[in-house]
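Shown next, in structure tokens, is the structure this report addresses.
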Ligand code: NDP
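Residue numbers (our numbering): 7 to 297.
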């Protein structure tokens, strides 16, 4: 029997529609949420991401401010721009597109963003708030994964979640979010022993590794919910395609539900960026946070 395929595009569409309705409501009070995206350099993938973010921000009725800077931008100039964005009341969210060119200190740049406007949730203050169970700006990709899981499973309490990957942007915050939902959480990484056996314990398996189809069908516990964060471009014959970290066809035969790549986690990430911008805007104006 084949597992349910979680439609991330549809879920993201519903979330964006909910956000757009709340933005209309804010407009009646004369408030327009604003998102500033800063892109330094010529990375083609980053340009595509930034364009998509700008389009979806405007479609949600928010104001989008794009700052495209040359690859040669000096650290003080970038920090000065962040300072201006921090001080601008029309801007509620600031996102610096990563990776930055190597001469720039990404930690210092992310640390310069006002934590209240840190819609990527990478500032150490937000990392600490999340880790101590306090209201924080939560990184968009794990937030989207959590929403997909809750939509599918409802209460996650007591489930064993195995997160493969421990990066600061996906694996670690994902583990914190699942812990806050009362899951029993195992974090696996490149030094973990017997990864297949760890994965087989998972009621919820989140793969955030960056290795095409690494997780095999027989690593999946029957009925488990599998969230595949990986985005890997592979070449098959004379064409390239995107695949996840999970061997989808084999896993889908065993899992209770699974996200595809593309069309799973990816669309939720930008929708959660908009959700975080709306949250930041409501907080800035002392309004109740969106549900
Ligand atoms: P990183 O490279 O920062 O982290 C990868 C993690 O996987 C590390 O913790 C690493 O362990 C672990 N790992 C690597 N090899 C193995 C292995 N053989 N066995 C077990 N663990 C291993 O990647 P990210 O977290 O940034 O991204 C992960 C994937 O998610 C990528 O494919 C990326 O493109 C995708 N992604 C997708 C997004 C979306 O919107 N859908 C957003 C962000 C990322 P160690 O720490 O020991 O090195």
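Ideal Cβ positions, reconstructed from N, Cα and C, are used throughout, including at glycine.
query, result
"Just mark residue 253 as buried or exposed, buried being the case when its beta carbon has 16 or more other beta carbons within 10 Å.", "buried"
"Of the residues 108, 196, 167, 129, which one's Cα is nearest the Cα of residue 100?", "129"
"Are at least three pairs of beta-carbons, each pair with one atom in the stretch 67-78 and one in the stretch 36-56, less than 8 Å apart?", "yes"
"Reducing DSSP to helix, strand and coil, say where residue 52 ends up.", "helix"
"At which residue ranges does the stretch 198-242 contain complete beta strand (DSSP E) runs of 3 or more residues, listed in the order of the chain?", "210-213, 231-234, 238-242"
"Note down the Cα distance separating residue 180 from residue 294, rounded to an integer number of angstroms.", "25 Å"
"With distances taken Cα to Cα, identify the nearest neighbour of residue 269 among 292, 236, 191.", "236"
"Assign residue 285 to one of two classes, buried (16 or more other C-beta atoms within 10 Å of its C-beta) or exposed (fewer than that).", "buried"
"Between 231, 145, 143, which lies nearest to residue 260 when the distance is taken from Cα to Cα?", "231"
"Following the continuous beta strand (DSSP E) through residue 162, name the residue where it begins and the one where it ends.", "Counting along the chain, residue 162 falls outside any beta strand (DSSP E), and DSSP gives it neither H nor E."
"Is the closest heavy atom of the ligand NDP to the C-beta of residue 216 under 8 Å?", "yes"
"Just to confirm my understanding: we take residue 131, look at its own chain, exclude 5 residues before and 5 after, and list those with CB closer than 7 Å. What are they?", "121"
"Rounded to whole angstroms, what is the Cα-Cα separation between residue 283 and residue 13?", "23 Å"
"Give me, in chain order, the residues of the same chain whose beta-carbon lies closer than 8 Å to that of residue 192; leave out the 5 immediate sequence neighbours on both sides.", "166, 167, 168, 169, 204, 207, 208"
"Since residue 245 sits in a beta bridge, which residues does DSSP pair it with?", "242"
"Could you check if residue 124 is buried or exposed, using at least 16 other CB atoms within 10 Å of its CB as the buried criterion?", "buried"
"Between residue 196 and residue 46, what straight-line distance do the alpha-carbon atoms span, to the nearest angstrom?", "31 Å"
"Is it buried or exposed for residue 44, if we count other Cβ within 10 angstroms and need 16 for buried?", "buried"
"Over the uninterrupted beta strand (DSSP E) stretch that includes residue 99, give me the two end residues.", "99-102"
"In the DSSP assignment, the beta strand (DSSP E) including residue 45 goes from what residue to what residue?", "40-46"
"If we ignore side chains and look at the alpha-carbon of each, how far apart do residue 274 and residue 127 end up?", "15 Å"
"If you draw a straight line from the C-alpha of residue 8 to the C-alpha of residue 102, how long is it?", "40 Å"
"As a quick exercise: from 239, 224, 201, pick the residue whose alpha carbon is nearest that of residue 217.", "239"
"Taking only runs that begin and end inside the stretch 118-175, name each unbroken beta strand (DSSP E) of 3 or more residues, in chain order.", "166-170"
"Do residue 263 and residue 10 come within 9 Å of each other at the CB atom, strictly closer than that value?", "yes"
"Have a look at residue 97 and residue 50 and give me their C-alpha separation to the nearest angstrom.", "26 Å"
"Just to check my reading of the structure: residue 265 and residue 226 have Cβ atoms closer than 8 Å, yes? What is that Cβ distance to the nearest angstrom?", "Contact flag wrong, Cβ pair sits at about 13 Å."
"Is it true that the CB of residue 60 sits closer than 9 Å to the CB of residue 33?", "no"
"Report the partner residues of residue 71 according to the DSSP bridge assignment.", "42"
"Tell me the residue span of the beta strand (DSSP E) that contains residue 191.", "190-194"
"Taking just the CA atoms, how far does residue 63 sit from residue 152?", "22 Å"
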